Every structure is written in structure tokens, then in C-alpha cells.
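Residue numbers for the sequence shown follow the UniProt record's numbering, beginning at 1 and rising by one. Glycine is no exception: its CB is placed at the ideal position from the N, C-alpha and C atoms. These numbers come from a predicted model, not from an experiment. Structure record follows, encoded as C-alpha cells.
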Amino acid sequence: MRQQPEQQAPPVQRLRIRYAKRGRLRFTSHRDFSRAFERAVARARIPVAYSSGFNPHPRISYAGAAPTGAASEAEYVELALREVVDPVATKSALDEVMPDGLDLLDVVDTATSPKGALADLLTGSEWIIDLPTAPEDAAAAVEAFLGAEEVIVERMTKKGMREFDARGAVVRLGSAPREGGSRLELLLKHGTPSVRPDDIVTGLERIGGLKVGPEHGGLPLLTRLSQGIFDEESGTIADPLH
Numbered sequence: 001m002r003q004q005p006e007q008q009a010p011p012v013q014r015l016r017i018r019y020a021k022r023g024r025l026r027f028t029s030h031r032d033f034s035r036a037f038e039r040a041v042a043r044a045r046i047p048v049a050y051s052s053g054f055n056p057h058p059r060i061s062y063a064g065a066a067p068t069g070a071a072s073e074a075e076y077v078e079l080a081l082r083e084v085v086d087p088v089a090t091k092s093a094l095d096e097v098m099p100d101g102l103d104l105l106d107v108v109d110t111a112t113s114p115k116g117a118l119a120d121l122l123t124g125s126e127w128i129i130d131l132p133t134a135p136e137d138a139a140a141a142v143e144a145f146l147g148a149e150e151v152i153v154e155r156m157t158k159k160g161m162r163e164f165d166a167r168g169a170v171v172r173l174g175s176a177p178r179e180g181g182s183r184l185e186l187l188l189k190h191g192t193p194s195v196r197p198d199d200i201v202t203g204l205e206r207i208g209g210l211k212v213g214p215e216h217g218g219l220p221l222l223t224r225l226s227q228g229i230f231d232e233e234s235g236t237i238a239d240p241l242h
């Protein structure tokens, strides 16, 4: 009979971490980040807990990752540990071995965080989208988008091409001039399927006639400013770590 694998002890502490993707590291995929983070955990000698079974793996959970190519100031990961550590010292140790551009912003014990699974706390996000589009054209596209009852877009998912309404996820959307084009300010509430800022750009192209892409001066640049608990009454995003 095949020998049963060793059963690992349950974690004694969990840390939640907020990190940023900046500069050229905005093009890091979620898989690339997870590999870099696991190497950093090993190099920093963080006592990460492992799963049981024939192929134990570090107990690291990722939630709400931004699309590849998007910069972000609000990416989250949860780390289960086999020993109790100081969150401040852990942040310092990981900071020393993380690549420049993948920057740790906050590390907290889950005992001091809002209750619930991390993924369930990420119910809204704020973005800016920089476009090479003339301000008047961007404003007209936004007006058309907000005036529509629904805006159907398509995106390839793991289950194939899917159609969904991008309009229903938008809480706020506005445009303003910037040097070289326009800036959109966007507040999204998360749902199923999850609507991303690139879906909003697709909707603006489809219903508002927005023109983006290399042939129109460049691609949109997406940056997530915050992500957390969306409050319906105030229309604000609360910090999921504190």
C-alpha cells in the first residue's frame, strides 16, 4: 500500500499583505508575481505553513489580482504561518528581497483585520485610465456610456468567450483633460462576472465611439488606486486590512 503523506500542523498565524505593482513591473502577470513572491518568502526565511498531501505547497492565497499590464497600489495576498512572527519585521525582511517595482505597502495580522475571507472583502475598486484621446472626445464617450441602460461587451475567459453588461458595475465614471490626452476616473463594484477597467474601455469604444490603440495614439494605461470594501450608501472603498 502507498504510504500516507505526513499531515501538516494547522497555521498558527495569518498575515494579510498589500503590495503595489509599479513602473515596468505593471507588465508582471499574476503567475510571475506568485513565483517571485514565493521565492522572496523562501529567501527571507519566513516560516510559511504548508498544505498536507503528497505534493505540499506553501499556504499563500491571492485575491483580486489586477490584469496584466495594469499598475496597482492595492494588490493583496494572505500568508499562513507555522510560527508567530512580527508583521513589521516580516514586511522589512520581505522588502529586502522583493524585486524593485513589486513594493510591499502594509502587513497586518488577520486578528486585527475585518472578519471574513480576504476575497470576500474586495467588493469594489477605484481606477484611473489614461488615454491619448482628446478631452472632448473622451467626455462625449463617457456621457454616452453613462446614458445607456446596459453596455454589452465580450471578453475571453477560462470558459471561453463571454458576454456581459459592463454598465451595471460602474458606480462613478468621469473624464478630465491631462497632458497629452484624457484621464478617466472610475469606481467599480465587483460582481460575477467581474468587470475590469479594460471592459469599460471596450464599452466606451462600442457605445461612445472612443478611439484607442496604436493607430490612435497609444493604448490605455490602467492604474488601480484602491481596492476594498465597497459601501453602497457612501459610495466609498474601505481598507480591507484595518
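Using DSSP bridges, identify the partner residues of residue i.
i: I229; result: A238
i: A63; result: Y76
i: L184; result: I129 and S175
In this structure, how does DSSP classify residue i when only helix, strand and coil are distinguished?
i: A148; result: coil
i: P177; result: strand
i: G218; result: strand
i: G124; result: strand
i: residue 271; result: The chain is shown only over 1 to 242; residue 271 falls outside these bounds and no answer can be derived.
i: E73; result: strand
i: K189; result: strand
i: V195; result: coil
i: I46; result: coil
i: R18; result: strand
i: R155; result: strand
i: D130; result: strand
i: V201; result: helix
i: T28; result: coil
Determine whether the beta carbon atoms of residue i and residue j lie at a separation below 8 Å.
i: A74; j: Q227; result: yes
i: P197; j: W127; result: yes
i: G218; j: F145; result: no
i: L210; j: T133; result: yes
i: V77; j: P58; result: no
If we ignore side chains and look at the alpha-carbon of each, how far apart do residue i and residue j end up?
i: V201; j: G53; result: 44 Å
i: R31; j: Y62; result: 10 Å
i: A20; j: T28; result: 11 Å
i: G147; j: G69; result: 29 Å
i: L173; j: Q7; result: 50 Å
i: V107; j: E215; result: 43 Å
i: M161; j: V151; result: 16 Å
i: G203; j: E96; result: 41 Å
i: T223; j: S72; result: 5 Å
i: V12; j: N55; result: 21 Å
i: T236; j: F230; result: 6 Å
_Can you confirm whether the region 70-88 touches the region 182-195 when touching is taken to mean that 3 or more C-beta pairs between the two stretches lie within less than 8 Å?_
no
_Measuring CB atoms only, is the region 171-183 touching the region 125-142, in the sense that at least three cross pairs come out at less than 8 Å?_
yes
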